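K.L.:
Pasting a structure here, questions to come.
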Amino acid sequence: MLQTTRKTLLALVAGSAFAFAFGAPAAKAQDLVIGGSIPLTGVFAFAGIGIEAGMQDYIAYVNEQGGVHGRQLRLAYEDTGYQVDQSVAVFNRLTSQHDIHLYYGDSTAFSRTINPELNRMNSMIMAGASFASEINDPEAFPFQFMAGPDYTEMTNILLEYIAQETPGARVLLVNSDTEFGRDPIEGTRARAEELGLTIADVIITPPGAVDVSTEILKLRRARPDYAIFHGYILAPLPEFMSQARELGLDTKFMGTFWSMDNSIWQSVGEVADGFMGVMPYRYYFDEEEAPMLEHIRSVRPEYQSTAYIQGYLTAMLLVEAAKRTLDEGQELTAENLKAALNSIEDFDTGGLIGVPISIPGNSIPVGRVYQYDAEAERMVAVSDWINVQE
Amino acid sequence: MLIATAKESYRADQALLTNRAQWVWLGLLIAGLVLVPFGANAYWTYLACLVLINVASATGLNILTGYTGLVSLGHGAFMALGAYTVAILEQRLGTPFLLNILAGGAVAAAIGMIVGIPSLRVKGLYLAIATIGASIILQFVFLNWTSVTGGSRGINVAPATFFGTEMARPSELYWVIMPITVLMVLGAANLFRTRIGRAFIAIRDRDISAEVLGIPLLRYKLLSFAVSSFYAGVAGGMWAYMFRSVGPESFTLLTSIFFLAAIIVGGMGSILGAILGAIFMTMVPELLRFAVAFVAPFIDNAATLLAPVRTMVFGLLIILFLVFEPQGIAEIIRRIRRSWHLWPFRK
Numbered sequence: 000m001l002q003t004t005r006k007t008l009l010a011l012v013a014g015s016a017f018a019f020a021f022g023a024p025a026a027k028a029q030d031l032v033i034g035g036s037i038p039l040t041g042v043f044a045f046a047g048i049g050i051e052a053g054m055q056d057y058i059a060y061v062n063e064q065g066g067v068h069g070r071q072l073r074l075a076y077e078d079t080g081y082q083v084d085q086s087v088a089v090f091n092r093l094t095s096q097h098d099i100h101l102y103y104g105d106s107t108a109f110s111r112t113i114n115p116e117l118n119r120m121n122s123m124i125m126a127g128a129s130f131a132s133e134i135n136d137p138e139a140f141p142f143q144f145m146a147g148p149d150y151t152e153m154t155n156i157l158l159e160y161i162a163q164e165t166p167g168a169r170v171l172l173v174n175s176d177t178e179f180g181r182d183p184i185e186g187t188r189a190r191a192e193e194l195g196l197t198i199a200d201v202i203i204t205p206p207g208a209v210d211v212s213t214e215i216l217k218l219r220r221a222r223p224d225y226a227i228f229h230g231y232i233l234a235p236l237p238e239f240m241s242q243a244r245e246l247g248l249d250t251k252f253m254g255t256f257w258s259m260d261n262s263i264w265q266s267v268g269e270v271a272d273g274f275m276g277v278m279p280y281r282y283y284f285d286e287e288e289a290p291m292l293e294h295i296r297s298v299r300p301e302y303q304s305t306a307y308i309q310g311y312l313t314a315m316l317l318v319e320a321a322k323r324t325l326d327e328g329q330e331l332t333a334e335n336l337k338a339a340l341n342s343i344e345d346f347d348t349g350g351l352i353g354v355p356i357s358i359p360g361n362s363i364p365v366g367r368v369y370q371y372d373a374e375a376e377r378m379v380a381v382s383d384w385i386n387v388q389e
Numbered sequence: 000m001l002i003a004t005a006k007e008s009y010r011a012d013q014a015l016l017t018n019r020a021q022w023v024w025l026g027l028l029i030a031g032l033v034l035v036p037f038g039a040n041a042y043w044t045y046l047a048c049l050v051l052i053n054v055a056s057a058t059g060l061n062i063l064t065g066y067t068g069l070v071s072l073g074h075g076a077f078m079a080l081g082a083y084t085v086a087i088l089e090q091r092l093g094t095p096f097l098l099n100i101l102a103g104g105a106v107a108a109a110i111g112m113i114v115g116i117p118s119l120r121v122k123g124l125y126l127a128i129a130t131i132g133a134s135i136i137l138q139f140v141f142l143n144w145t146s147v148t149g150g151s152r153g154i155n156v157a158p159a160t161f162f163g164t165e166m167a168r169p170s171e172l173y174w175v176i177m178p179i180t181v182l183m184v185l186g187a188a189n190l191f192r193t194r195i196g197r198a199f200i201a202i203r204d205r206d207i208s209a210e211v212l213g214i215p216l217l218r219y220k221l222l223s224f225a226v227s228s229f230y231a232g233v234a235g236g237m238w239a240y241m242f243r244s245v246g247p248e249s250f251t252l253l254t255s256i257f258f259l260a261a262i263i264v265g266g267m268g269s270i271l272g273a274i275l276g277a278i279f280m281t282m283v284p285e286l287l288r289f290a291v292a293f294v295a296p297f298i299d300n301a302a303t304l305l306a307p308v309r310t311m312v313f314g315l316l317i318i319l320f321l322v323f324e325p326q327g328i329a330e331i332i333r334r335i336r337r338s339w340h341l342w343p344f345r346k
């Protein structure tokens, strides 16, 4: 009996201690909270983990310097598993718990689903992992933006490069049969025509396809100078590249942002040599002068992924919008925040992007072409920064 | 204390609710359902809507798989049919939302009957694969019939309006989703008091015997597919109004597996089972978030470190349920009810 009472008492004490810890507000109401529906599990987890780390590091950097207008920054985020219903649940959960004015979303579907709610709330701006061309429309998505070029602008950067290197080149488009994959096809066709390039063919591969032998035959028939892949992270790129090499084709293979991480190509090895693609940011190891990259390297001595840099820069832009709004003495409404974001002109990102940037609309239409050097085991810049702002 | 329930007529024997305690519970449930939007914040109301949509859909699959014994992995595709129908009608004709949702159900039911045709020849895993085949075809149509479905980008859905008032938020949509789901669940419960429902059960238990008893298999198997797909279509329609964007990636094979798991975990061939299964599958991952939040003050970066753990715990819970309670959560409820029968006396 005595034992039971003691146990009960212990349980009560432990329970109330937990309840106190749980119930006590984790931070002051003055904190400036950045919300995040971030994929830490599921197919996009590799990016989500980097994004979260990047955002946290930038937040720590700003907090060390006293925060924004004396307010400390804080990231309130949860895992979404890259599922739109979970992303919306996380959004609802975080916005009912915290006063959020800045948000990071994880997918195009989420951006689209939450858009009417963002417009209705008029209290926050959102950026995210999606570079969908559709979102780059300030009228339809007034309170969203992306920390880089949209997918069409990415392929346009590649086309600019191709047109300079090989005028009149034949270009093959290879896209995955997903919304992500099909996104830039129309825009790429139109721009290629303007630049005098020929679209040799468009190959659509089923999502997750491993066997690409029929597509390789199409590639062989098309005999393109360049093949632009979009809608993939890695597979089936190495397969295409090795088979094309076996067939003696000298096609140059290119990709877009999400397939440009250095570590994934490092794991591919020799076959990866010569792979090119568009990068909106500098790589962790770039040696050109970039104080922010130096800071990142001092905080994290090991390689950080492109997703990390994306998260870092996105946090920087979100915070910059809030800072500018508060500088003006305005309230943190979505309209004011977006206006402040759009006032960013010739902004120095500390070298994360190699040129000063402006955000007149919903994207930053700047990027650079990098090529993988298998011997050095890293991406090497092969072009200057290309701006495709119309 | 409930000693026995004396029944004096067949009508009383078939009644859904047989004693006062059940009426009290039902009253409490209805009161709870009505009070949700008043007491809950945006997050909980959103989850309530999501649970209700999933309950409606799981109930549909339960009619087909749990009661008629026809395994289907095409349920997600039927939901997609409903969602697309709603999206297209809303976009092109702007017809009233209730009509759109019903049309979503009707289209799904019509296609469902066609998809159900192989069930006359194949059963079990073979039928499951046949339904996967059908959903692959539907998926292909959603993706490639661009002029109608919007291709890979899908269709944005305007909010449902009721006499000029927009219903865009979960707290408003709740008043659409909740009554529809309640009606559908009631409909399903009543279905099994009718000749049709009993025919379904007879087919599940032994289809050859059912045929010998004079049940036309063709008619009833296809009817079961139609009813089940109707439920999925209506649930998909409600989903479309809730998420306001329908695309080929909205409902995948995983959606179908989700609902199959829900009825297995909840308890196949039981109305309560489908409800509990849908609640379990939707709410457990969310409740595990609270567990993560609970330990967050003690661990740095808890959300990142524990996200995979949360997924694994969810998977583990499903396995444990299957091992220790193969009859599903509904059986646990039944056992609890039985143990209270003689209250306040002990057995």
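First to last, the sequence lines map onto chains A and B.
At position 51 of the first sequence (counting the first as 1) the number is 50 in numbering that gives the first Met the number 0, and the numbers step up by one without a gap.
At position 179 of the second sequence (counting the first as 1) the number is 178 in numbering that gives the first Met the number 0, and the numbers step up by one without a gap.
Just so you know, even glycine gets a beta-carbon here, dropped at the ideal spot from N, CA and C.
For clarity, every value in this text was computed on a predicted model and none was experimentally measured.
So, helix, strand or coil for Phe313/B, using DSSP?
P.N.:
Here Phe313/B sits in helix by DSSP.
K.L.:
Should Leu39/A be flagged as near chain B, meaning a C-beta pair shorter than 8 Å?
P.N.:
At least one chain B Cβ lies under 8 Å of Leu39/A.
K.L.:
Interface residues of chain B around Tyr307/A at Cβ under 8 Å?
P.N.:
What Tyr307/A touches in chain B: nothing, since even the nearest Cβ is about 13 Å away.
K.L.:
Given 8 Å as the limit, is there contact between the region 256 to 266 of chain A and the region 289 to 307 of chain A, that is, 3 or more CB pairs closer than that?
P.N.:
They touch, by the three-pair rule.
K.L.:
Please list, in chain order, the chain A residues whose beta carbon lies closer than 7 Å to that of Ser146/B.
P.N.:
By Cβ distance, chain A contributes nothing, its closest Cβ being about 15 Å from Ser146/B, past 7 Å.
K.L.:
Less than 7 Å between C-beta atoms, sequence neighbours within five positions excluded: which residues of the same chain meet that for Val245/B?
P.N.:
Cβ neighbours of Val245/B beyond the five flanking positions: Ala82, Tyr83, Ala86, Gly153, Ile154, Val156, Ala239.
K.L.:
List the residues of chain B whose Cβ lies closer than 8 Å to the Cβ of Tyr57/A, in chain order.
P.N.:
Those do not exist, as Tyr57/A stays about 15 Å from chain B at its closest Cβ, beyond 8 Å.
K.L.:
For the beta strand (DSSP E) containing Ser175/A, name the first residue and the last one.
P.N.:
First-last of the beta strand (DSSP E) with Ser175/A: 169 to 175.
K.L.:
What are the residues in the region 241 to 271 of chain B lying within 8 Å of chain A by C-beta distance?
P.N.:
Flagged, chain order: Phe242, Arg243, Ser244, Gly246, Pro247, Glu248, Ser249.
K.L.:
With burial defined as no fewer than 16 other Cβ atoms inside 10 Å of the residue's Cβ, what is the status of Ala5/B: buried or exposed?
P.N.:
Ala5/B comes out exposed.
K.L.:
Using a Cβ-Cβ cut-off of 6 Å (strictly less than) and excluding sequence neighbours within five positions of Ile263/A, which residues of its own chain qualify?
P.N.:
Result list for Ile263/A: Leu233, in chain order.
K.L.:
Counting only the same chain and skipping the five closest in sequence on each side, list residues whose C-beta sits under 7 Å from that of Tyr173/B.
P.N.:
So the list reads Val35, Pro36, Thr44, Ala47, Cys48, once near-sequence residues are dropped.
K.L.:
Hey, could you find the ends of the beta strand (DSSP E) Gln370/A is sitting in?
P.N.:
Here the beta strand (DSSP E) through Gln370/A covers 365 to 372.
K.L.:
Just the Cα atoms here: how many angstroms apart are Gly390/A and Ala225/B?
P.N.:
Residue 390/A falls outside the range modelled here, since chain A spans only 0 to 389, and no answer is possible.
K.L.:
Is Phe320/B near the ligand PLP, with its Cβ less than 7 Å from a heavy atom?
P.N.:
This structure simply doesn't include the ligand PLP, nor any ligand for that matter.
K.L.:
Would you please verify whether the beta carbon of Tyr230/B is less than 8 Å from any beta carbon of chain A?
P.N.:
For Tyr230/B, the answer is no, since every Cβ of chain A falls outside 8 Å of its Cβ.
K.L.:
Taking only runs that begin and end inside the region 70 to 99 of chain B, name each unbroken alpha helix (DSSP H) of 4 or more residues, in chain order.
P.N.:
Whole alpha helix (DSSP H) segments, 4+ residues: 74 to 91.
K.L.:
Does the structure place the region 269 to 276 of chain A close enough to the region 370 to 380 of chain A that three or more beta carbon pairs sit under 8 Å?
P.N.:
Result yes; three or more Cβ-Cβ pairs closer than 8 Å.
K.L.:
How long is the line joining the alpha carbons of Ser338/B and Phe344/B, rounded to whole angstroms?
P.N.:
Cα-Cα distance, rounded: 10 Å.
K.L.:
Consult DSSP for Ala159/B and reduce its assignment to one of helix, strand or coil.
P.N.:
Note: Ala159/B maps to strand in three-state DSSP.
K.L.:
Alpha carbon to alpha carbon, what distance is there between Asp12/B and Gly230/A?
P.N.:
Going from the Cα of Gly230/A to the Cα of Asp12/B covers about 60 Å.
K.L.:
Taking only beta carbons into account, state which residues of the region 36 to 47 of chain B come closer than 7 Å to chain A, listed in chain order.
P.N.:
Those would be Asn40, Ala41, Tyr42, Tyr45, Leu46, in chain order.
K.L.:
Ends of the beta strand (DSSP E) at Asp12/B?
P.N.:
No beta strand (DSSP E) holds Asp12/B; the alpha helix (DSSP H) holding it covers 9 to 13.
K.L.:
Which residues in chain B have a C-beta closer than 7 Å to the C-beta of Asn91/A? List them in chain order.
P.N.:
Ala41, Tyr42, Tyr45, listed in chain order.
K.L.:
Within the 8 Å Cβ cut-off, does Val173/A reach chain B?
P.N.:
By this cut-off, Val173/A is not an interface position.
K.L.:
For the alpha helix (DSSP H) holding Lys6/B, just list the boundary residues, first then last.
P.N.:
That residue, Lys6/B, is in no alpha helix (DSSP H); it is neither H nor E in DSSP.
K.L.:
Pop quiz: Asp182/A and Ser106/A are said to be a contact at Cβ under 8 Å. What is the actual Cβ separation, rounded to whole angstroms?
P.N.:
Rounded, the Cβ-Cβ distance is 13 Å, inconsistent with contact.
K.L.:
Just to check my reading of the structure: Gly53/A and Tyr311/A have Cβ atoms closer than 8 Å, yes? What is that Cβ distance to the nearest angstrom?
P.N.:
Confirmed, about 4 Å.
K.L.:
I think Met177/B touches Leu51/B, with their Cβ atoms under 8 Å apart; what is that distance to the nearest whole Å?
P.N.:
The Cβ separation is near 6 Å, so the contact holds.
K.L.:
Mapping the DSSP letters down to three states, classify Ala26/A as helix, strand or coil.
P.N.:
Here the model assigns Ala26/A a pLDDT of 48, short of 50, so the residue's position is not dependable, and the following value carries that caveat. Reduced to three states, the DSSP call for Ala26/A is coil.
K.L.:
Measure the alpha-carbon distance for Asp56/A versus Arg323/A and round it to whole angstroms.
P.N.:
Each residue's alpha carbon lies about 21 Å from the other.
K.L.:
Step through the CB atoms of chain A and report whether any lies within less than 8 Å of the CB of Glu84/B.
P.N.:
Here residue 84/B turns out to be Thr, not Glu, going by the sequence shown. It does not: the Cβ of Thr84/B has no partner Cβ on chain A nearer than 8 Å.
K.L.:
Where does Ala20/B land, buried or exposed, given buried means 16+ other C-beta within 10 angstroms?
P.N.:
By the 10 Å Cβ count, Ala20/B comes out exposed.
K.L.:
Which of the three DSSP states, helix, strand or coil, is assigned to Ile202/A?
P.N.:
Reduced to three states, the DSSP call for Ile202/A is strand.
K.L.:
Could you say which of Leu194/A, Arg188/A, Asp176/A lies nearest to Gln163/A if we only look at CA atoms?
P.N.:
The option with the nearest alpha carbon to Gln163/A is Leu194/A.
K.L.:
Would you call Ile395/A buried or exposed, if buried means 16 or more other Cβ atoms sit within 10 Å of its Cβ?
P.N.:
Only positions 0 to 389 of chain A appear in this structure, which leaves residue 395/A out of reach.
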